[in-house]
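Worksheet: the structure to be examined is printed underneath.
Residue numbers (the numbering used here): 156 to 525.
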């Protein structure tokens, strides 16, 4: 039995930096809000630390577990996730008018977060098994599209338009990487775009968000409040920031600043230089992830690495684009930074799988050199 190469050291370094920065920023952004609401400034920090430890344990497990064995778990995971998405619609815990949470034994989690990783596993496995049929729309792409649409449809009913769109975009990207017909993918994208626009326009709260994005200064105390406060926070940071813990926007100006709008707090405290450093780290993670995908010796490994990397990259782009006013506001957590157990555990688990793939890819590269 041949010993695997060690995981990618640079990727581990980037992940550890993200994890450390994320915990520091969660504490800095949430301390005042936590004290006002719960009388404990470390309320959110300790919860995020617990989830980080669970996520790190999951990542360590997946680093050691041969990712190719995950193919045999795809169908059971699909069924479990499907049941979770149905259960959340029936018995889910409502938060902010949406049913996205299940509670088991007092612990809440979001099935839609786990669906992100499960759908990546499904698409990678499907494309690997049906690679000779991907050029054929009816026999290759259509069955895959129906399965992805089923999961996205259930998530859309929660309603969670952002996660459904993110999963669909990631899966479409994977099909393209896997050898799908570019013309067919382009047609699917052209069909999906107006349907997504219609879904936004027909839902009043989504329509208000879109109009607020188009002219945020028209109603800065109403629908545009969050995005205006976000832009003001980023602008207040200047080049080098006001200093760790000294953000003024987190003084209850920016609602729940430890969640989706955590990046403006980081930008205010660490400035433009710090913001670009984080963006650069996401760019480095993407480069390392896609390099692992390119060096993988089989289609399943390549698509799995590419899908995980694309998911993290797309989510970071959408979140940063949203909080800077470049994209319409939608609930996308910033990977490794935003408070949230389900998101952090899934992201760290995905990172563990990526590190395991890097071990195989590195060994194959070393063997080819020798």
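Note that CB positions come from ideal geometry on N, CA and C, so glycine has one too. Computed from a predicted model, the values in this text were never measured in an experiment.
Exposed or buried, which one is residue i when buried takes at least 16 other CB atoms within 10 Å?
{"i": "residue 262", "result": "exposed"}
{"i": "residue 216", "result": "exposed"}
{"i": "residue 313", "result": "buried"}
{"i": "residue 270", "result": "buried"}
{"i": "residue 405", "result": "buried"}
{"i": "residue 315", "result": "buried"}
{"i": "residue 245", "result": "exposed"}
{"i": "residue 470", "result": "buried"}
{"i": "residue 259", "result": "exposed"}
{"i": "residue 156", "result": "Confidence at residue 156 is low in this model, with a pLDDT of 42, below 50, so its placement is unreliable and the value that follows should be read with caution. It counts as exposed."}
{"i": "residue 200", "result": "buried"}
{"i": "residue 388", "result": "buried"}
Assuming residue i contacts residue j (C-beta within less than 8 Å), just tell me the rounded distance between them.
{"i": "residue 136", "j": "residue 317", "result": "No answer is possible for residue 136: the residues shown for the chain start at 156 and end at 525."}
{"i": "residue 362", "j": "residue 355", "result": "7 Å"}
{"i": "residue 299", "j": "residue 278", "result": "7 Å"}
{"i": "residue 484", "j": "residue 367", "result": "7 Å"}
{"i": "residue 532", "j": "residue 392", "result": "No information on residue 532 is available, as it lies outside the stretch 156 to 525 that the chain covers here."}
{"i": "residue 510", "j": "residue 218", "result": "5 Å"}
{"i": "residue 214", "j": "residue 503", "result": "4 Å"}
{"i": "residue 323", "j": "residue 497", "result": "So it is not a contact: roughly 19 Å between Cβ atoms."}
{"i": "residue 365", "j": "residue 384", "result": "Not really, about 19 Å apart at Cβ, beyond 8 Å."}
{"i": "residue 417", "j": "residue 184", "result": "5 Å"}
Can you find the residues in the same chain that come closer than 6 Å, C-beta to C-beta, to residue i, ignoring five residues on each side of it along the sequence?
{"i": "residue 240", "result": "266, 309"}
{"i": "residue 430", "result": "422"}
{"i": "residue 294", "result": "288"}
{"i": "residue 440", "result": "169"}
Excluding five sequence neighbours on each side, which residues of the same chain lie with their C-beta closer than 7 Å to the C-beta of residue i?
{"i": "residue 290", "result": "336"}
{"i": "residue 319", "result": "307, 310, 311"}
{"i": "residue 512", "result": "222, 447, 451, 456, 459, 460"}
{"i": "residue 195", "result": "189"}
{"i": "residue 328", "result": "465"}
{"i": "residue 301", "result": "none"}
{"i": "residue 186", "result": "196"}
Return the CA-CA distance between residue i and residue j, expressed in angstroms with no decimal places.
{"i": "residue 155", "j": "residue 203", "result": "The shown model of the chain, from 156 to 525, leaves out residue 155, and the question about it has no answer."}
{"i": "residue 434", "j": "residue 401", "result": "22 Å"}
{"i": "residue 390", "j": "residue 370", "result": "18 Å"}
{"i": "residue 190", "j": "residue 413", "result": "13 Å"}
{"i": "residue 163", "j": "residue 321", "result": "27 Å"}
{"i": "residue 113", "j": "residue 373", "result": "Lying before the first or after the last residue shown, residue 113 is absent from the chain, which here runs from 156 to 525."}
{"i": "residue 501", "j": "residue 173", "result": "15 Å"}
{"i": "residue 138", "j": "residue 395", "result": "No answer is possible for residue 138: the residues shown for the chain start at 156 and end at 525."}
{"i": "residue 487", "j": "residue 474", "result": "5 Å"}
{"i": "residue 155", "j": "residue 507", "result": "In the structure as shown, the chain starts at 156 and stops at 525, and residue 155 therefore has no counterpart that could be examined."}
{"i": "residue 515", "j": "residue 225", "result": "15 Å"}
{"i": "residue 505", "j": "residue 444", "result": "11 Å"}
{"i": "residue 351", "j": "residue 419", "result": "27 Å"}
{"i": "residue 165", "j": "residue 432", "result": "16 Å"}
{"i": "residue 403", "j": "residue 411", "result": "14 Å"}
{"i": "residue 360", "j": "residue 375", "result": "16 Å"}
{"i": "residue 238", "j": "residue 182", "result": "34 Å"}
{"i": "residue 161", "j": "residue 477", "result": "37 Å"}
{"i": "residue 292", "j": "residue 193", "result": "54 Å"}
{"i": "residue 438", "j": "residue 353", "result": "32 Å"}
{"i": "residue 482", "j": "residue 242", "result": "32 Å"}
{"i": "residue 522", "j": "residue 255", "result": "Low confidence applies here, because residue 522 scores a pLDDT of 47, under 50, leaving its location unreliable; read the following figure in that light. Roughly 46 Å between the two C-alpha positions."}
Within its chain, find whatever has a CB closer than 8 Å to the CB of residue i; leave out the 5 residues flanking it on each side and keep chain order.
{"i": "residue 330", "result": "278, 282, 289, 296, 299, 340"}
{"i": "residue 542", "result": "Residue coverage of the chain in this structure runs from 156 to 525, which leaves residue 542 outside it and unanswerable."}
{"i": "residue 436", "result": "169, 172, 173"}
TODO: Indicate whether the contact test is met: 3 or more Cβ pairs, each with one atom in the stretch 174-183 and one in the stretch 478-498, closer than 8 Å.
DONE: The count of Cβ pairs closer than 8 Å, one atom from the stretch 174-183 and one from the stretch 478-498, reaches three, so the stretches are in contact.
- [ ] Evaluate contact between the stretch 412-427 and the stretch 456-468, counting only Cβ atoms and requiring at least three cross-stretch pairs below 8 Å.
- [x] The stretch 412-427, when compared against the stretch 456-468, does not touch it at the 8 Å Cβ threshold.
TODO: Evaluate the contact criterion for the stretch 231-238 versus the stretch 439-453: three or more CB pairs, one atom per stretch, below 8 Å.
DONE: no
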